[in-house]
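Heads up: the sequence shown is residues 2 to 253, going by the numbering used here.
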Amino acid sequence: MDVIKAILVDDEPRANSVLKELLLKSTYDIKIMDICEDLVSAVKTIKELEPDVVFLDVQMPNYAGYEIVNFFEKINFEIIFVTAFNKYAIKAFELCAIDYLVKPIKRVRLGDALAKLQSRMEDKNNLEQYQTLLKTIQNSRQNKLVIAEMGNRRIININDIIAIEANGAYTSIHLLNQQKITTSKNLKYYENLLDNDTSFYRVHRSWLINFDYLKSFNRTASILHLEANIEAKISRKHYNEFLERCSNSQHL
2 MDVIKAILVD
12 DEPRANSVLK
22 ELLLKSTYDI
32 KIMDICEDLV
42 SAVKTIKELE
52 PDVVFLDVQM
62 PNYAGYEIVN
72 FFEKINFEII
82 FVTAFNKYAI
92 KAFELCAIDY
102 LVKPIKRVRL
112 GDALAKLQSR
122 MEDKNNLEQY
132 QTLLKTIQNS
142 RQNKLVIAEM
152 GNRRIININD
162 IIAIEANGAY
172 TSIHLLNQQK
182 ITTSKNLKYY
192 ENLLDNDTSF
202 YRVHRSWLIN
212 FDYLKSFNRT
222 ASILHLEANI
232 EAKISRKHYN
242 EFLERCSNSQ
252 HL
């Protein structure tokens, strides 16, 4: 679960203190980036710190919380309104707020709002992944992969992959920068995904290599030497085809 970056906006210091304590005691990983006591200072802070969510009091001096839309050309953060009056709920949802909290804030109700927030943030991540996928499909050659890694999503360049190694129930992706990404997808999944990319070849039940980074091979030991000091095994049944591909390419 990603850290949720939050800004609290309320003209009552006590209200900010209570909400901060409730947020930090919640089951979500929340970072309070700043606390503001008026809308004008909040707008400046939001533009500087780019939070994921703003907890915004509705009734404040000079500017009401819902007037925040007048200060931004585009709202690229989520809003959860905080109010002592239910009548503001309708206006809150008209502004596309995720939710609203009525004072005094109840822990269970806050939990519901945070669950909605988490879902919205994940949907945004999914949208970014979909857009990457769409661009990939539109390209003549796939050039990026979206990798699930320890609950997160990482977008990597296919050209940066030296080799992909089966590692028990997991798969390790070796990259040019000497990083190694561990994923829960099996090697067959990546073999199918990269089927149209002629740079990749399955040389062993545990190895899928990128020919572009093949440096040399030892036939006696059945070992392929790749960039970044990576050594991959090659099975006997793949060897003849491997040699044929080498003779018909510029990889060696």
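Cβ atoms here follow ideal geometry from the backbone N, Cα and C, with glycine treated the same way. No experiment lies behind these values; they were computed from the predicted model shown.
Worksheet item: How about Ile99 and Ile76: are their beta carbons less than 8 Å apart?
Response: no
Item to complete: Report yes if the CB atom of Arg206 is closer than 8 Å to the CB atom of Ala167, and no otherwise.
Response: yes
Worksheet item: Would you call the CB atoms of Ile159 and Leu146 closer than 8 Å?
Response: yes
Worksheet item: Under a three-way DSSP split, which group does Phe243 fall into?
Response: helix
Worksheet item: Roughly how many angstroms separate the alpha carbons of Val70 and Val41, rounded to a whole number?
Response: 12 Å
Discussion item. Quick check on the DSSP output: what are the complete alpha helix (DSSP H) runs of length 4 or more inside the stretch 158–218, in order along the chain?
Written reply: 188–194
Practice prompt. Measure the C-alpha to C-alpha separation of Asn63 and Glu38 and round it to an integer number of angstroms.
Written response: 11 Å
Worksheet entry | Buried versus exposed call for Gly66 [16 or more other C-beta atoms within 10 Å across all chains shown] | buried
Discussion item. Tell me the rounded alpha-carbon separation between Lys32 and Leu25.
Written reply: 8 Å
Discussion item. Less than 8 Å between C-beta atoms, sequence neighbours within five positions excluded: which residues of the same chain meet that for Ile157?
Written reply: Lys145, Leu146, Ile148, Ile174, Leu176 and Ile182
Item to complete: State buried or exposed for Val10, treating a residue as buried only when at least 16 other CB atoms are found within 10 Å of its CB.
Response: buried
Worksheet item: What residues match up with Lys234 in a beta bridge as DSSP calls it?
Response: Ile224
Worksheet item: Would the beta-carbon of Thr172 fall within 8 Å of that of Asn187?
Response: yes
Worksheet item: For Leu20 versus Ile106, is the C-beta spacing smaller than 8 Å?
Response: yes
Fill in: Cα-Cα separation, Val59 to Ile162
50 Å
Discussion item. Restricting to runs no shorter than 3 residues, where is the beta strand (DSSP E) found entirely within the stretch 40–102?
Written reply: 54–58 and 79–84
Worksheet item: Are the C-beta atoms of Val4 and some chain D residue less than 8 Å apart?
Response: This model lacks chain D altogether; it includes just one protein chain.
Worksheet item: Roughly how many angstroms separate the alpha carbons of Ser18 and Pro52, rounded to a whole number?
Response: 19 Å
Item to complete: Can you grab the Cα-Cα spacing for the pair Leu244 / Ser185, in whole Å?
Response: 31 Å
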